[in-house]
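First residue of the sequence shown: 1, per the UniProt record's numbering; consecutive thereafter.
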Amino acid sequence: MGGTSSSLTSNEVRDIAEQYQCAPRKIKIVWAEYQEALWQQQNERLDSEREASSPGKVGTPRSKALRNKTTHRKESIVQNESLDFEAFRTFCSSYFNIDTTCENSVRHLFGSFDKDGDGMVSFDEIMVSAMVLDNGTPEEKLQFLFQAYCRDVEAGLNIETQLGPICDQMVATNVAMGRNVEGLKPTLMKMLRELDRSGDGFICEEEWVQGGVKIVPLLVLLGLDQSTYNLQKRVEGAHMWKLTRRRSALSTSARKNFCAICLENIKAESLTCNSCGATVHMVCSTVSHKCRPTYSLTEGGTVPQHFWVAGGYKEDRCISCLEKTKENTISYKCSWCKSSLHDVCKTNTDGLSSQDECTLGQFRNLIIPYTGFHLKPVNHDKSISDIERLKINDTVEFSRRKSSSSYDELSKPLEIIPTENSTPLLVLINPGSGGQQGEGIIDQLSYMLNPRQVFDVMAHGGPGKALQQFYDVPGLRLLVAGGDGTVGWVMSEIDKLNWQDAEGPPIAILPLGTGNDLARCYGWGAGYTGGRLSSIARKILASRSGLLDRWSITVKKLRKLERSDRETEACDPLPLSIINNYFSIGVDASIAVKFHQMRQSNPGKFSSRSRNKIIYGELAASEIMSRRCMNMHKHMKIKLDGEDIDIASGPSLQCLVMLNIVSMYAGCDIWGTKTSKNFKAQAMDDKIFEVAGIADLKHMTTITAGIGKKGHRIGQGSVLQITTDIALPMQIDGEPWLQSPCQIKIKFHNQARVLQPESPVQTELQDRSSVSSLLG
């Protein structure tokens, strides 16, 4: 019994992790339910034993005393519990949404825990592995591990017998996930032993939780994204540590790296701060060493100063003596301007104010330095400790400690005064788009800019809070990292704020995932594939602002006509009320509706892009057979700018599209560029949309392949009214739904500002997305 998960293949572990993220219940709930079940089973067994020895005397004091002695703590019941294969398979299927129809995969997973081959696996080891995959705060994870492993809650965790198994299982799970953490255990064990402040060989729950959140290697093994966690929770001056990949022994580079704290060469795993760029030994991460400041306690007017960080950097030119710095020697780099300085030159210039002033480097116009963020002069009774607890990107929590409910104080605890004539950048990242790319983007931009300019929109409940904090900052520009849906989400939040400029701040797009038609149209590329973001930053600096028309859509349901009440009631609500890209009715939306329904019913099976493409192809094939949208045009009436458009007697159509931009279906041109005296040239800012028809799925395929005829041009206008007499599939910007007979009205809403680079972005970049790679 017992073992590790390292025998699983990387693909198996990745599939398990993806399926686990879709699990219906949290691991703590699973654990509590299992405790309760075993507790009940044990009590029933004790009652049976007592009844057998004393028939007719149920619930005597003797039996209660025996029960209390044996089960004085529910948690202790599961600690020695084991599962055989059948129990393990049932457990996985019931709780973790893992597909157990494949006998070999489940048996392989079981065998990864049953290393000694006795046919049993430890329940608490399964719980530790699941906790690494589980979402939750560090405090929640540490408290759970304490409760799962501690044999005596009053004494605490036994350092000699219990820390080792916990670390072993966390390391094994991380290794199976492809994380380079094999060398963490010795360092971690040394740091955990220091949590025992009393020196009695035990760690109490308070010591474990409060001390554990400060031990970065432990948080790494718990599966926490340190940069994202710290972006939300870190205290001012604390680092944003990230595990640095150890250089392979086969690497051709012999360049040394030096710890920013002890200045010794780093030979094993290390940590790199995503804010200031410091790289340190694991054990040095607990030494008092402040990160670069992100805001000021004064009201501005001061000049930002260099923040020098020691390390082993690539060759560069020293800004003091103008001689080159050398590799394999200690030098310094400024976290703000990224300038370099010799070790000896730094010693000679310390204290000279003229040498301390920082220009912020090549991206100075995008950066808001720490001197640009300062506390508002409100509620002067706040203590210094309150001020010091102000967290990165905190928008409301700081103010809630006081009774004031004014808009400014609740949403903007910091006043933002950027450098004069600059165009500061606010970054809104949706890490759910494009797989794991969001994590690397947060890392890079937190170092390139001020971390207070970088927001994970999912961690903050959407982009609204960030936009409130930066409301009406002069010259503000936005960078939205995500899909077209994320861009639309940001535009909708800008609408709610009633920005001083009617169109709101201009938006640059870092496209993640697939599709990205809006990003393609404005020159930001088909999709970010990894690499340094400095080229994107330069594009933003040199970009110009354009306009994007946006259209409102309303749907009025009509009485049931030809279809049954049952089908009408099964229809979905309108997913969006604003159209940024396109609106369509017909065969394309039908495929999207089916895919959406399948993914909602079993999300664990739709975590692979390649698998999703196969499923989409299968749905397209089935759509040909179903003929659901055959002769769809005969069940629709269209008015364009108040004039009836006869499509019923025209060519057969299985898809009708309203186009606001020149790209659809991930880069396809439906309307075409052919000139005609009957139609204006297609534009995205002329307050006019295009309406086109597609004959069938075969016609759609030829369009997406770039061959054959474009869509059938129906007309151009600014108001579109469609009346349907049957239930039809529809979609807005890729969000599908099934709509009962209705009357649809589309009209102009407003315009948004979108940045356009001088030359289109090339998305085929090198895959180097970590801060350590940027540091050289």
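All C-beta atoms in this analysis are idealised placements derived from N, C-alpha and C, irrespective of residue type, glycine included. The structure displayed is predicted, hence computed values, not measured ones.
Where do the ends of the alpha helix (DSSP H) carrying T554 lie?
-> Counting along the chain, T554 falls outside any alpha helix (DSSP H), though it belongs to the beta strand (DSSP E) covering R544 to K557.
Could you name the residues of the same chain whose beta carbon sits closer than 6 Å to that of E205, not counting the 5 residues immediately before and after it, in chain order?
-> F146
Straight-line gap, E643 to V473 (C-alpha atoms, nearest Å) = Per the coordinates, the alpha-carbon of E643 lies some 45 Å from the alpha-carbon of V473.
Please confirm whether any heavy atom of the ligand FMN lies closer than 6 Å to the CB of F583.
-> Inclusion of the ligand FMN in the displayed structure is not the case, the ligand content being empty and no account of it being possible.
As assigned by DSSP and simplified to three states, the class of R193 | helix
Is D114 helix, strand or coil when you go by DSSP?
-> coil
Taking Cβ to Cβ, would you say M658 is nearer than 7 Å to T724?
-> no
Tell me the DSSP bridge mates of W308?
-> Looking at the DSSP assignment, W308 forms a beta bridge with C334.
Which of helix, strand or coil DSSP assigns to K639 | In this structure, DSSP gives K639 an extended state, which the three-state scheme calls strand.
Under the three-state DSSP convention, the category Q162 falls into = coil
Pair within 7 Å by beta-carbon distance, D443 and N274 | yes
Inter-residue CB distance, T294 and T272 (contact presumed, cutoff 8 Å) = With 8 Å as the limit, T294 and T272 do not qualify as a contact, their Cβ atoms being about 18 Å apart.
Check the C-beta distance from E618 over to L697 and give it rounded, since I have them as a contact under 8 Å.
-> At roughly 13 Å, the Cβ-Cβ gap does not stay under 8 Å, so E618 and L697 are not in contact.
Return helix, strand or coil for D484, following the three-state DSSP convention.
-> Correct three-state label for D484: helix.
Just the Cα atoms here: how many angstroms apart are D517 and T349?
-> 52 Å
S288, DSSP secondary structure in three states = If DSSP states are grouped into helix, strand and coil, S288 belongs with coil.
Pick out whichever of D316, A172, E323 and S492 has its Cα sitting closest to the Cα of C334.
-> D316
For Y471, the three-state DSSP class (helix, strand or coil) | In the structure shown, Y471 sits in coil (DSSP, three-state: anything other than H, G, I, E or B).
Whole-number beta carbon distance between W551 and F748, since they are thought to touch under 8 Å | 6 Å
For the putative contact between I166 and G201, defined by C-beta atoms under 8 Å, what is the C-beta separation to the nearest angstrom?
-> Between G201 and I166 the Cβ distance is about 16 Å, and since that is not below 8 Å, they are no contact.
Those runs of the alpha helix (DSSP H) which lie wholly inside the region 666-704 and span at least 4 residues = 697-704
Coil, strand or helix - M730 by DSSP = strand
From which residue to which residue does the beta strand (DSSP E) around residue 779 run?
-> The first residue shown for the chain is 1 and the last is 776, placing residue 779 beyond what the model contains.
Span separating the alpha-carbon of L188 from that of G527 | 39 Å
Quickly, what does DSSP pair P369 with across the bridge? List them, please.
-> None, per the DSSP bridge assignment.
From the DSSP output, which residues share a beta bridge with Y582?
-> L659
P217 to A459 span [Cα, whole Å] = 23 Å
What are the boundary residues of the alpha helix (DSSP H) that includes N750?
-> No alpha helix (DSSP H) contains N750, which is instead part of the beta strand (DSSP E) from C742 to Q756.
Please classify P418: does DSSP put it in a helix, a strand, or coil?
-> coil
Please go through the same chain and pick out, in chain order, the residues whose beta-carbon is closer than 7 Å to the beta-carbon of H281, but skip the five residues on each side of it.
-> C259, C262, I266 and S270
Going by DSSP, which residues form a beta bridge with M458?
-> According to DSSP, M458 bridges with nothing at all.
Measure the Cβ-Cβ separation of G706 and I694 and say whether it is below 7 Å.
-> no
Going by beta carbon distance, what residues of the same chain come within less than 6 Å of residue 781, once the five residues before and after it are set aside?
-> Residue coverage of the chain in this structure runs from 1 to 776, which leaves residue 781 outside it and unanswerable.
Work out the CA separation of I417 and Q305 for me, nearest whole Å.
-> 17 Å
Please state if the CB of A466 and the CB of L510 are separated by a distance shorter than 7 Å.
-> It is not a contact, given that the beta carbons lie outside the stated cut-off.
Under 7 Å between C-beta atoms of C655 and G586 = Yes, the Cβ-Cβ distance between C655 and G586 is below 7 Å.
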